[in-house]
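Remarks on the structure that follows.
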Amino acid sequence: MVKVKEIMSTDVATVPPDMSVRELARFLDERGIGGAPVCDVSGKVLGVVTVSDLVRLAAEQRDPPDGLGEGTVEYPPEEVEDEGEEASWYYFMAGEAPELYGRTTANVLEEAFDQFTVRDIMTRAVFSVRPESTLEQLARFLLRARIHRALVMDRGKLVGIVTTFDVLRAVAGEVGSPATA
162 MVKVKEIMST DVATVPPDMS VRELARFLDE RGIGGAPVCD VSGKVLGVVT VSDLVRLAAE
222 QRDPPDGLGE GTVEYPPEEV EDEGEEASWY YFMAGEAPEL YGRTTANVLE EAFDQFTVRD
282 IMTRAVFSVR PESTLEQLAR FLLRARIHRA LVMDRGKLVG IVTTFDVLRA VAGEVGSPAT
342 A
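Heads up: the sequence shown begins at 162 in the numbering used here, then just goes up one per residue.
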């Protein structure tokens, strides 16, 4: 039976709670990851921060466009072409954001992404599993918690991270080649 320790990534990218949201967006983008544990200087896990937290902040901070509710507003506007997954990061890299509704998303989010820190947007709950947990236990845990990653903790210490992709790799028979988290 496959165990978490066989499929987890041990090279875990962590972030400090005082990192700005702008720095976080770049950090996640550069590493090609969707989230990271938040740790203090002693290595204690304080929570987790994900791309979903960035999206939630952007949604909360962005003012609705002028005229919303009057007539029909199509999103995305015609002049903004969908450039695939990379386009979504433009909203977090304020200086590179496309213009929407006569003003740039950058103007709207720039202050928020410099003003807020990881501590402000992170999830303080720590969803964790043990290295000895089975693949079945892990899959059930991820489903019940409705999450895509779990920290792997051993005696209170962060030893790895496991994601839904790691579960899929294991089910596909690709155990032993975990991706970076």
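Glycine residues also receive a C-beta, built at the ideal position from the N, C-alpha and C atoms.
According to DSSP, is residue i part of a helix, a strand, or is it coil?
i, result
"LYS166", "helix"
"ASP190", "helix"
"ASP275", "helix"
"ALA106", "No information on residue 106 is available, as it lies outside the stretch 162 to 342 that the chain covers here."
"SER213", "helix"
"VAL173", "coil"
Which whole-angstrom value is the C-beta distance of residue i and residue j, which I expect to be below 8 Å?
i, j, result
"VAL209", "VAL199", "6 Å"
"ARG330", "ILE168", "7 Å"
"LEU312", "LEU319", "6 Å"
"VAL182", "LEU215", "7 Å"
"ILE322", "SER170", "5 Å"
Between which two residues does the alpha helix (DSSP H) holding residue i run?
i, result
"ALA333", "First-last for ALA333: undefined, no H or E at that position."
Got a sec, what are the start and stop residues for the beta strand (DSSP E) residue i sits in?
i, result
"VAL199", "196-200"
For residue i, which residues does DSSP report across the bridge?
i, result
"SER181", "THR278"
"GLY208", "VAL199"
Please check if any C-beta of chain C sits within less than 7 Å of the C-beta of residue i.
i, result
"ASP214", "You won't find chain C in this structure, because it holds only one protein chain."
(request) List in chain order: all unbroken beta strand (DSSP E) runs of 3+ residues lying wholly within the stretch 280-324. (result) 310-315, 318-324
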